[in-house]
Structures are given as C-alpha cells and as structure tokens.
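These protein sequence lines map, in sequence, to chains A and B.
If you read the first sequence in my numbering, its first letter stands for residue 2, the second for the next number, and so on.
If you read the second sequence in my numbering, its first letter stands for residue 44, the second for the next number, and so on.
Idealized CB from N, CA, C, for every residue including glycine.
For clarity, every value in this text was computed on a predicted model and none was experimentally measured.
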Amino acid sequence: MKVNARGGGIDAQALKAGAKALQEAAYAQRDHAVALEKGEALLPGGPADATPHLSFSERLLAAERRAPDSPVDWSALPNLRKATPAEIDAAWSAGKSLYDASFALTRVAQLGAYLEPDPRGLGSPRHELDMRNQIIAAIDELTDRLQGLGALGAVFDVESLGAMRALADAQRKEIVDVHGSDLILSPKFKGPPPRLEAGRAPDVRRLPETKALFAADVATFEQALAALDARLGDDAVAASLVGARAKLPEPERPAFDRAVAGFALLADAALNAPDYANHAKGAGDRQEYRGHRVSGFRCKIRQHASKATLRSVITRAARAKDPVAQLEKKLLLEFGRELGVPEGEVKRWAVVPEAIVAALADETFVPLRAVNEGAAGWMRRHRVPEAETNRVVWDLTQAVVEGRFPEWRVGNAGSEAQLAHLDARARQAWLTPTSVNKPTDQPGLTFTTTEATEKPHEIFWATKVGGPSHGFDVMPHCALACFINARNQVLLAKDPRWPNFAGRAYLRLFADPQTKAPLLFLEGMKSDFPYPGQGGLLERAIVEHALEKAKAMGAKLALSPYLSGHIQDMGLPGEWRADTRYELAPSLLVEAASVFGDHDWKATEREVRSMRNPQFLVDTNAL
Amino acid sequence: MATDIPKALAAALAGAPLEQALEVAPRHVAAVRRQAEALYEAGKWAECVTALEVLALLGDVQPLDALMRARCHARLGQEDLALRWSEIAQKTLGELDTALASRSKE
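Structure representation (structure tokens):
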C-alpha cells in the first residue's frame with residue numbers, strides 16, 4: 002500500500018495487478034465449483050472425488066501432529082494435540098474473532114470496487130465521492146470491529162490497521178476539501194418527487210384464482226368434511242368421522258368439528274405447500290401461493306406420503322375411545338410433522354386446538370414450513386450449528402401452535418434486550434400497533450397503513466411483499482430475523498382494491514450508543530410484486546405512520562435516503578447525517594438489515610453499527 | 044512487514060470489480076472448500092493458497108486454514124510467508140487450545 006505525497010490517495014496502480022489476478026482466480030474457482038457440482042473432476046484432469054471435510058481434517062491433523070517440521074509447535078497446544086476435528090470445529094464456532102475478521106474483510110472487499118472511478122463512465126463525480134465515502138466508512142467499521150478481537154494480530158497487524166485508519170481519515174479530509182462536507186447524497190436518491198395519485202384500479206382478474214382453503218370454507222362440520230374428502234379422496238375418512246360424531250354428546254361436538262376443520266385446513270396446506278426440505282422453490286407472491294400456481298410447486302412424493310398419513314391418522318383417531326382428544330392431539334402432531342419438526346419435540350408442546358386452527362386459518366403453515374426446513378441450512382453460512390438455529394425455530398413454532406406467538410415475540414430474551422432501553426411510554430407506544438388512513442384523490446378510496454403485529458400472525462407474510470430476499474421462501478433466516486426480534490416492525494400499506502398488502506417497509510428500533518435514547522429507522526417501501534398501482538401515496542402514508550410513531554415514543558427518527566423525495570416534498574425538518582451510530586442489542590439468533598452493509602448476520606452480541614448510506618434525521622420536536 | 048496488508052484487502056482497495064466473483068451460493072463455497080482440500084492433498088500448493096484466499100474473501104475461514112497456508116508456503120519455498128503464516132497458525136490454534144480447555148472444564 003502506498004500513500005501519495007499529499008498523504009491522501011491510494012496508489013491503485015500498484016495494487017491493480019494483484020487484484021485482477023485474484024479476481025480471475027475467483028472466477029476460475031467459481032466456475033470450477035460449478036463444474037464440481039455437476040460431477041466433473043475435482044482436480045483439473047483428475048478423477049472426481051468428494052473428500053468429506055472431517056476426513057481431510059483428520060488426515061491433516063494426524064500428519065501435522067507427528068511431523069517434525071510442522072509449522073506449529075504442538076507442545077504449546079496440549080488440548081489441540083488430542084482434540085478431534087469435531088471438537089475443534091465446535092470450539093471454532095463458539096469463538097468469533099477470525100470469523101468476524103473475515104466478514105469485515107469481505108465487507109471492505111465488496112465496497113472496494115467503488116473506490117476507483119468507474120471505468121465505464123457510469124458514475125458522476127458526486128457519485129464517485131459518495132462511493133469513496135462508503136469505502137472510508139467501511140474502513141472505519143473494519144478497524145472498529147477488529148479492535149479488541151483476539152485474532153487481531155493474526156489477520157491484520159496493528160500498524161496496518163493504523164495505516165488504514167490514517168488513509169481513511171486523509172481520504173475523508175480530501176472529500177471535505179473538494180465537496181465542503183463528507184456527506185454526499187448519491188444521485189440515485191434524487192429522483193423526481195413521488196407521484197401521489199391513487200392510480201387506476203388494479204385489475205385483479207389477472208391474478209391467479211384463489212384455491213386455498215380458508216376458515217370460512219370449513220365453518221361447519223359438513224363443509225369441513227367435504228373439504229377433507231376432496232383433498233384426501235378417501236370415503237373411509239369421512240365415514241369414520243361421521244360415525245364418531247354421531248356417537249358424541251352434543252356438548253362435545255363443537256370441539257370435534259373444530260378439530261375436523263383443523264385437519265381440513267392442514268390437509269389443504271400440506272398437500273399444496275412446496276417441499277422446502279427437498280429444495281422445492283416457493284412462489285413469487287402470496288396470491289400465487291393462494292392460487293397454487295407455480296410449476297413444480299408440490300413435491301408429489303411428499304404429497305402422497307402426507308395424504309396417506311393423514312388418512313390413516315384421522316381414521317384411527319376417529320375410532321378411538323375419546324375421538325375429540327385424539328383428533329386434537331393428532332392435529333398437533335401432524336401439524337408439527339408436516340412443518341418438519343421432529344416428533345419428540347412436538348410431543349413436548351401443549352395441545353391448544355383453537356390455537357392450531359387459528360394458525361392454520363391465518364396461513365402460517367407455509368412460512369413456518371419454510372423457516373423450519375430452510376433456516377438452519379442458511380445459518381450454517383454464519384457458522385451457527387443446526388441445533389442452535391433449530392432451537393429458536395422450534396421455540397417460535399411452538400409459540401405459534403400454542404397461541405402465544407405475540408407474547409413470545411416480545412418476551413423472548415433477545416427482544417427483551419432490544420426493548421430494555423425504552424421507558425414505559427416509549428415501550429407502550431412501540432408495542433401498540435397504530436394505523437394511518439390516507440385519503441386519495443379518488444372519492445371514497447382511502448389507503449391505510451397498519452403494523453404487522455396488529456394481528457397475531459400477519460407478520461409471517463409481511464416480508465413476502467417485494468424484496469424478495471426477506472421472503473420466507475427465499476432467505477428464510479432473514480424472515481426469521483423479522484419474526485423473532487421485537488425491534489423489527491413491518492409497516493403494511495394497504496390498498497382496498499388489492500387482495501394482499503400493496504407495500505411494506507421495515508421500521509426498526511435501535512438505541513443511540515451514547516444516550517441510549519430510542520432511535521427509529523424507516524426503510525424505503527417495497528411493493529407487492531404484482532401490484533400495478535402507484536406506490537408514492539402508499540409510501541407517503543408509511544412515512545406519516547413512522548412520524549406519528551416516533552412522536553408517540555418521544556424517539557428520534559431517521560429516514561432512508563430512498564425516501565428523499567418525500568422528505569423534500571413534505572418539507573420535513575431535520576438534517577442529513579452520515580455519522581449516526583446505531584446500537585443493536587443482542588438477538589436470539591440473527592439479524593437481517595442490509596442498510597448496515599451486511600445482508601444478514603449472527604447477531605447474538607451487542608453491536609454498534611453505522612449505515613452505508615446517509616440518513617435524514619427528522620427533528621421530531623419541530624413537527 | 045508491518046505495512047503488508049493482506050492480498051485480498053489490497054485487491055479490494057484496488058477497485059477490482061469483485062462483487063460478481065463474490066456472488067456465489069453456499070454450495071459453491073463448500074465446493075471451493077473441497078477443492079482447496081483436494082489441492083492440498085495433491086500437493087498443488089500454489090493453487091491451494093489461491094483457493095484458501097478465495098474462501099477467506101467469501102467469508103469462509105476454518106480453524107486449520109492458517110496451518111494449511113503455512114505448509115503450502117513452506118513447500119513453495121516462500122520462507123517469509125511460511126513464517127508469517129506459521130505465526131498466524133500458532134496464534135489461531137493457541138486461541139482454540141484455550142477455548143478447548145475452557146470447554147472441557149464446563
């Protein structure tokens with residue numbers, strides 16, 4: 002690394018050659034990795050091989066421990082000398098220093114691409130300044146995060162870090178000299194003012210027809226029986242249920258009917274849901290799910306197995322001595338099995354039939370199956386053992402099927418830590434869902450915003466609106482971050498002409514690291530993919546919703562630069578800032594907020610982070 | 044060298060468009076990992092170093108990586124680098140040794 006005579010520049014030429022070689026190597030590695038997946042040679046020109054990681058580690062350890070010229074002094078490592086690779090892996094996962102360092106490094110690598118002017122000439126000078134500012138912020142973040150880590154000296158030596166920091170400071174000074182400030186709002190955030198018309202009525206006839214079963218479709222025993230019959234196609238099931246019901250005393254029949262309705266809803270959901278455990282893909286949006294409209298949507302093998310199991314379970318339960326209790330118990334076990342939860346785990350759960358039926362009626366089956374069958378795999382990327390992820394996912398699922406999800410979401414240890422800095426007023430205001438009505442330019446048409454926690458299970462579909470990375474079937478661990486962390490609220494924008502949420506935006510609760518005062522951050526709105534209407538007015542309603550929330554809490558509110566059109570249009574008081582720091586309390590497991598740079602990460606420790614783009618800090622006192 | 048920043052970081056600072064190279068799925072990372080191991084066992088030391096660098100760029104650093112790199116550089120006759128990575132391996136594994144000791148007491 003060279004610093005030029007003025008002390009403020011990076012000699013890119015000196016580094017370019019190495020970068021190009023590394024980039025080409027990375028491409029080659031990726032191409033080769035793809036070839037490996039196709040069963041092609043592991044080594045160029047060599048035979049295919051799939052050496053399991055542990056076998057390799059065992060061989061490496063065995064060789065190195067007895068090698069007289071081993072690069073390490075094993076006598077100084079008494080515990081490692083006899084540890085197995087599995088024990089070493091476990092200890093490594095429990096630590097975080099090198100792992101964090103590598104992530105910080107990756108972050109800088111991603112931003113580093115922007116440090117030099119874009120050779121394609123796409124960037125304006127201001128854009129380049131902005132990008133340069135981002136890399137400086139990343140260097141700040143990198144050095145901050147690495148300070149104090151045990152492996153600091155192992156990854157970067159301290160003098161290099163000091164040089165990096167000095168370089169960043171010099172770069173920032175240069176930007177201030179050129180621009181007058183180190184805060185640059187990228188041109189991409191300066192679009193035309195938002196259009197605030199409601200627009201023509203969306204043509205919902207273009208949407209897939211709803212085929213999914215809803216609570217109203219199974220309101221009576223006869224309806225539920227017909228729905229079950231249509232899905233399971235077995236006369237014996239219907240006959241056993243009719244026979245069992247006929248023998249029941251009248252007071253027990255409502256519970257019996259409820260269980261049958263639950264099984265009808267479960268059969269409909271299970272037989273039409275994607276098989277996430279076997280890599281089936283989800284649908285693009287909620288209406289596609291409701292319309293069962295994706296090719297390869299169902300896994301036929303799993304579907305047949307589910308159908309056979311449900312037939313058998315229902316028939317046997319109906320013929321039991323106490324059919325109501327049996328049906329209710331089996332409804333819980335089958336629900337859990339269909340979600341991919343081990344039977345031993347589900348057997349510990351309380352049987353709360355009304356809660357199970359409510360969860361099914363609220364369409365939680367698909368999101369819960371996606372999270373149960375997908376989150377642990379994704380969290381392995383963050384070196385989180387499957388058991389650790391599953392514990393959180395199972396606790397979440399248990400809370401849902403026992404009918405106490407809203408309480409669990411707010412009361413789990415992570416959420417308690419996230420809300421601990423709030424006084425009673427702010428806590429009450431944060432946890433009390435509010436709504437904003439936004440009249441439109443069309444008579445009688447009003448858009449509304451609500452909060453995803455207004456109804457017990459609405460949050461499960463909140464992130465399946467636009468995005469799409471936070472959709473439960475795209476990156477389920479990111480949706481999980483929304484489900485388990487009380488600091489994350491989703492504001493839902495509703496157009497009464499549209500069958501799903503027309504838009505959604507994250508409103509997140511953090512703390513000022515110095516004062517511990519609550520600090521809200523509102524992200525830009527994502528529109529439902531098939532929603533054809535104008536999003537401007539919906540987004541305006543969301544901004545107003547967040548402003549009201551901040552005022553009610555007595556909290557500061559920062560707005561995403563993607564909302565700059567509204568900020569200007571509304572004449573909001575406040576200022577753009579690039580140096581705001583946000584304190585994140587620990588989570589049970591994970592956070593996903595790409596505004597901080599990383600898309601998602603294991604978030605079980607307290608953190609202080611800065612955002613990669615400037616934010617507009619609203620002066621809520623002046624409103 | 045005190046100012047010798049890691050190659051990967053140097054690459055990043057050079058402004059190379061690494062983003063596309065970084066867009067790999069977890070299964071690709073696992074495949075690169077397998078390949079690094081196979082390259083090591085095949086004695087393709089230079090290629091193994093590259094694979095380990097790419098893995099680090101992708102955020103996948105494993106406990107024995109530094110040891111592997113030290114061995115690779117030693118076999119390539121790169122004594123300075125071998126020494127540097129030996130020190131890193133000793134330090135990393137020393138931390139792990141301590142962690143293992145505390146785990147066994149629990």
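Taking 9 angstroms as the CB-CB cut-off, is residue i touching chain A?
i        : result
B/Gln121 : no
B/Trp128 : yes
B/Leu143 : yes
B/Leu124 : no
In three-state terms, what does DSSP make of residue i?
i        : result
A/Val314 : helix
A/Lys282 : coil
A/Arg582 : strand
A/Lys528 : What sits at residue 528 of chain A in the sequence shown is Ser, not Lys. Strand, per DSSP.
A/Phe244 : This sequence places Gly at residue 244 of chain A; Phe is not what is there. A/Gly244 falls in the helix class under three-state DSSP.
A/Gln443 : coil
A/Val591 : strand
A/Glu88  : helix
A/Ser416 : helix
A/Val437 : strand
A/His293 : coil
A/Ala319 : helix
A/Ser470 : coil
A/Lys174 : helix
A/Glu459 : coil
Taking 9 angstroms as the CB-CB limit, is residue i close to chain B?
i        : result
A/Pro477 : no
A/Ile137 : no
A/Pro469 : no
A/Glu65  : yes
A/Val156 : At A/Val156, the pLDDT of 43 sits below 50, so the modelled position is not reliable and the matter cannot be decided from this model.
A/Pro500 : no
A/Gly462 : According to the sequence displayed, residue 462 of chain A carries Trp and not Gly. Output row for A/Trp462: interface = no.
A/Arg60  : yes
A/Phe57  : yes
A/Ile176 : no
A/Val73  : yes
A/Ala371 : no
A/Asp170 : no
A/Pro252 : no
A/Ile485 : no
A/Leu78  : yes
A/Leu81  : yes
A/Ile89  : yes
A/Ala92  : yes
A/Ala84  : yes
How many Å lie between residue i and residue j at the Cα?
i        : j        : result
A/Ala487 : A/Glu584 : 15 angstroms
A/Ala482 : A/Arg505 : 16 angstroms
A/Ala270 : A/Ser561 : 37 angstroms
A/Ala27  : B/Glu90  : With a pLDDT of 49 at A/Ala27, under the threshold of 50, the modelled position of that residue is not reliable, and no figure is offered here.
A/Asp276 : A/Arg370 : 8 angstroms
A/Leu78  : A/Met380 : 30 angstroms
A/Pro434 : A/Thr451 : 7 angstroms
A/Ala247 : A/Arg254 : 9 angstroms
A/Phe473 : A/Ala360 : 16 angstroms
A/Val205 : A/Leu564 : 28 angstroms
A/His567 : A/Gly525 : 11 angstroms
A/Thr605 : A/Arg428 : 22 angstroms
A/Glu198 : A/Pro533 : 13 angstroms
A/Leu328 : A/Asn438 : 43 angstroms
A/Val372 : B/Leu143 : 32 angstroms
A/Asp424 : A/Glu88  : 44 angstroms
A/Pro469 : A/Val475 : 7 angstroms
A/Leu61  : B/Leu107 : 9 angstroms
B/Leu119 : A/Glu175 : 42 angstroms
Among all the DSSP beta bridges, which residues are the ones paired with residue i?
i        : result
A/Leu493 : A/Thr451 and A/Arg505
A/Leu510 : A/Leu521
A/Leu618 : A/Ala559 and A/Glu576
A/Trp602 : A/Glu592
A/Val609 : A/Glu584
Would the C-beta of residue i count as close to the ligand NAP, meaning under 8 angstroms from any of its heavy atoms?
i        : result
A/Lys308 : This structure lacks the ligand NAP, and indeed carries no ligand of any kind.
What are the start and end residues of each continuous beta strand (DSSP E) run of 3 or more residues lying completely inside the region 339–391 of chain A, in chain order? Residue ranges of uninterrupted beta strand (DSSP E) with 3 or more members are absent from the region 339–391 of chain A; none lies entirely inside it.
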